[in-house]
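Since the structure comes first, as structure tokens, the remarks are kept for the end.
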Amino acid sequence: MILGDDVVDEDAEIVMILTDSYFSFNPNAGLNDDGSLKEGWAITKDRYDNLSDDDKEMFSPLAFIFSMNERDDQGKMPYYIEADEDIAEIYLYDPQNNDIGYSLEAGPGNEMEGYQAIPESIGDSWEEMSQHIGQSNDNTLAQFMVTEITTDIPTMKKYIDKMSKAKKAETITFGAEDLEYKFALIAKYPNLNLDVFDIPSDLDKIEKKHITLVGGKALKPYKGDLKDAKTILKDLPDPPQPSFGEEGVAFREGNDGEIRETFFASVANQEDFQDYADMVCDALGIPNPEPDRFFHMSVANNHGGNSFKSVGDISEADLEGYRAEGDGEIMTFGKIEYGWSTDPEDIPNEDSNFQKMERQVKNQIRSDLWEGKTSGHRGVITDYDDTGEEYEIDYGYTGHEFSGINSAEGTAFHAPDDAYAFSYNDGFKDGQTKSTYHPRPNATEKDVFREAFRNKNRAESFEAEDDVFYLVTFEVKDGEREYFHRSIYPADAKDMSDKELIAEEWAEEDPEDYDYKGFHWVYGEILVRVDSKKSMDSKVKKMFNDYGLYAESFGAEHENRPRDSKGRKVPKTGVSKWGNDYWPYGVTYQEWKYKHPASVRVFAEGHGVDIKNLTPEQKDWLKFRYMEDVDSKTSLKALVDEFGLSTKVSF
Numbered sequence: 046m047i048l049g050d051d052v053v054d055e056d057a058e059i060v061m062i063l064t065d066s067y068f069s070f071n072p073n074a075g076l077n078d079d080g081s082l083k084e085g086w087a088i089t090k091d092r093y094d095n096l097s098d099d100d101k102e103m104f105s106p107l108a109f110i111f112s113m114n115e116r117d118d119q120g121k122m123p124y125y126i127e128a129d130e131d132i133a134e135i136y137l138y139d140p141q142n143n144d145i146g147y148s149l150e151a152g153p154g155n156e157m158e159g160y161q162a163i164p165e166s167i168g169d170s171w172e173e174m175s176q177h178i179g180q181s182n183d184n185t186l187a188q189f190m191v192t193e194i195t196t197d198i199p200t201m202k203k204y205i206d207k208m209s210k211a212k213k214a215e216t217i218t219f220g221a222e223d224l225e226y227k228f229a230l231i232a233k234y235p236n237l238n239l240d241v242f243d244i245p246s247d248l249d250k251i252e253k254k255h256i257t258l259v260g261g262k263a264l265k266p267y268k269g270d271l272k273d274a275k276t277i278l279k280d281l282p283d284p285p286q287p288s289f290g291e292e293g294v295a296f297r298e299g300n301d302g303e304i305r306e307t308f309f310a311s312v313a314n315q316e317d318f319q320d321y322a323d324m325v326c327d328a329l330g331i332p333n334p335e336p337d338r339f340f341h342m343s344v345a346n347n348h349g350g351n352s353f354k355s356v357g358d359i360s361e362a363d364l365e366g367y368r369a370e371g372d373g374e375i376m377t378f379g380k381i382e383y384g385w386s387t388d389p390e391d392i393p394n395e396d397s398n399f400q401k402m403e404r405q406v407k408n409q410i411r412s413d414l415w416e417g418k419t420s421g422h423r424g425v426i427t428d429y430d431d432t433g434e435e436y437e438i439d440y441g442y443t444g445h446e447f448s449g450i451n452s453a454e455g456t457a458f459h460a461p462d463d464a465y466a467f468s469y470n471d472g473f474k475d476g477q478t479k480s481t482y483h484p485r486p487n488a489t490e491k492d493v494f495r496e497a498f499r500n501k502n503r504a505e506s507f508e509a510e511d512d513v514f515y516l517v518t519f520e521v522k523d524g525e526r527e528y529f530h531r532s533i534y535p536a537d538a539k540d541m542s543d544k545e546l547i548a549e550e551w552a553e554e555d556p557e558d559y560d561y562k563g564f565h566w567v568y569g570e571i572l573v574r575v576d577s578k579k580s581m582d583s584k585v586k587k588m589f590n591d592y593g594l595y596a597e598s599f600g601a602e603h604e605n606r607p608r609d610s611k612g613r614k615v616p617k618t619g620v621s622k623w624g625n626d627y628w629p630y631g632v633t634y635q636e637w638k639y640k641h642p643a644s645v646r647v648f649a650e651g652h653g654v655d656i657k658n659l660t661p662e663q664k665d666w667l668k669f670r671y672m673e674d675v676d677s678k679t680s681l682k683a684l685v686d687e688f689g690l691s692t693k694v695s696f
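Position in the sequence shown counted from 1, then plus 45, gives you our numbering.
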């Protein structure tokens, strides 16, 4: 081991792991659902040395670089990394957003999914090894020795520079080599094998294999803002790997009578590409001008494979044909089945109109839910087309089946939006100021909320229910303005109806007099609307004043929770971050990372404490308070006292 204490980082943002082995894979086999190689294998250096020079070109040193919150070329994204010179523990989301974890230790005996063992009886050639992996049912994983674990970035860059000429290696770079901006913003896939597609015999393959992230026409208004795009793109993570779905052929006839015919494959993991495009635009300092793009790869066309002669406006309509009606499910903390229709003679036969109406209906349903119409509803949306002609959309939906979890997570574009809107004050405010109820977080907020809502409701696992409390978010109307506040109530609130909650806890008068909305469960949080602060009794007013905007969800804390070998409290059930010790209570690092900073920030804003400019020492001090299960407000107050920070409102 060549590392010193100065490069050990127990909460690493990026880590590199080197081994004594080499790996290769069949590029035509693709990836498993978890992002691992379908036909990948690893061999020792001794076997590598026996290969021919040509076969050596097919192998690369087995090395791994994991960077926090960045998806690699296999679609895996680390959300927690802990590393020192002896061990690296990495927790990731696979391309399907399922949790996976790797634990690699310095020395022999390490394994990883996607890297199979090659028996000694198999010959020392790439062809024989590839044939064995493709035909054998033996999925024994190769064992390899970890020779170095480092979080030192200069060390990583030296290694990457050294290996930059390796052929067919895993993509282990600090920048996106296959991300390009010229006229459009595209993700390139030069090694993709087009033979996996059922290409019509009269069309020619397009050798420039790419997926357009943002079209050139859409980017044209921002051309002046993209002068430094090339430099910025170099520092971004590589594009996600596509999983392909339905295939289709798009036909277009130009004004000059030219017929363009393009065979294309739709991208199945649309959300991964939308998130990536949002992130890239955010890094470039522009809004994404195509927030609902249909991602696809043009595979072949009738113009000799010339990519510039492909159909340029391929959409989902080229798969399904144009429709003047739609139906489906909105998975938003439960399930809603919906449908809509309109007169096709009232609107031009264009896919953009179908997509527009689909969005209108979904946004209207979300608005209806916010108004308390959760038991099903029918309605009419009236709008105008580009020529000013009026048209109507008839829509309806079934009762909202609340599940208590964001069941859209990982399967629909609106999942993080719903989490944001249902759970975060700023989301409500944004929604109320727009023409339609559709607050949309930026790329960073979207990531935070997606990860935050992966955590189960801690209150569900508490046996001592009397010790469990719920955060109550409620809206207060004052004249023409509306405010959104939070307060804390005991567990028995969950057994009360919304009217009972208002009548018994917040108002002495008839609750029918108040304009309120039903409550929604969001991981143990209740959302309730009351007409005004005046309708509260004195006890609730005090809670409103004491906690209001600054409250957080919390439950019973158990100080007898065991600790691991390093003295840290072990995680709750279901989180195997620090080994095999489980405990059903307490706070884990990822809970701190995604929940604690947000609630501390809300407290800090209320008390006028500047936490945006904390020193690293102060940030670490705050982190360890929460790792010891200290609540947000107490942690912030202790931080102020410890470092003598100034406040505008005393605690």
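For every residue, glycine included, the Cβ atom is placed at its ideal position computed from N, Cα and C.
- Between Leu230 and Lys254, the CB-CB gap reaches or exceeds 8 Å.
- Among the bridge pairs identified by DSSP, Asp428 is matched with Tyr436.
- Rounded to whole angstroms, the gap between the alpha carbons of Gly384 and Asn408 is 13 Å.
- Nearest to Gln161 by C-alpha distance, out of Glu335, Ala128, Asp183, is Asp183.
- Residue pairing by DSSP places Lys279 opposite no residue, since no beta bridge is assigned to it.
- Segment contact: the segment 284-301 against the segment 195-202, fewer than three CB-CB distances shorter than 8 Å; contact not assigned.
- Secondary structure within the segment 311-360: the alpha helix (DSSP H) runs of 4 or more consecutive residues, fully enclosed, are 315-329 (chain order).
- Inter-residue distance for Ile426 and Glu156 is about 57 Å (C-alpha atoms, whole angstroms).
- Straight across, the Cα-Cα distance linking Tyr436 with Thr387 is about 8 Å.
- In the three-state reduction of the DSSP assignment, Tyr160 falls in the coil class.
- Boundaries of the alpha helix (DSSP H) around Lys262: 261-264.
- Ala274 places its beta carbon 8 Å or farther from that of Ile256.
- The residue from Ile135, Asp131, Glu130, Asp129 with its alpha-carbon nearest to that of Met122 is Ile135.
- Under the 10 Å beta carbon count, Pro140 is surrounded by 16 or more other beta carbons and is classified as buried.
- With a threshold of 16 other beta carbon atoms within 10 Å, Asp117 meets it and is buried.
- By the beta-carbon neighbour count (other beta carbons within 10 angstroms, threshold 16), Asp363 is buried.
- In its chain, beyond the 5 residues on either side, Ser360, Glu361 have a beta carbon closer than 6 Å to the beta carbon of Phe339.
- Taking C-alpha positions only, Trp666 is separated from Ser355 by approximately 57 Å.
- For Gly293, the uninterrupted beta strand (DSSP E) run begins and ends at 289-298, by DSSP.
- The beta-bridge partner set that DSSP reports for Trp171 is empty.
- DSSP, reduced to helix, strand and coil, places Ala108 within a strand of the structure shown.
- Taking the Cα positions, Lys227 is about 48 Å away from Gly421.
- A check of alpha carbon separations from Lys693 across Gln663, Thr679, Asp655 identifies Asp655 as the nearest.
- Contact between the segment 262-280 and the segment 91-105 is not established, with fewer than three Cβ pairs separated by less than 8 Å.
- Annotation: Ser311 to Glu292 spans about 6 Å, alpha carbon to alpha carbon.
- When secondary structure is reduced to three states using DSSP, Met190 falls in the strand class.
- The beta carbons of Ser112 and Ile59 sit about 4 Å from each other, so the pair counts as a contact at 8 Å.
- Here the alpha carbon of Tyr125 sits roughly 11 Å from the alpha carbon of Tyr147.
- Bounds of any beta strand (DSSP E) do not take in Asp247, whose DSSP letter is neither H nor E.
- One alpha carbon belongs to Ala263, the other to Leu76, and they sit about 32 Å apart.
- DSSP, read as helix, strand or coil, puts Val406 in helix.
- Here Gln315 is buried, its C-beta having at least 16 other C-beta atoms within 10 Å.
- Contact between His652 and Phe696 is confirmed by a C-beta separation of about 6 Å, below the 8 Å threshold.
- Look at Gly179 here: in three-state DSSP terms it is helix.
- Rounded to the nearest angstrom, the gap between the Cα atoms of Pro336 and Asn398 is 15 Å.
- Ranked by Cα distance from Tyr234, the first of Gln400, Gln176, Ser343, Asn658 is Ser343.
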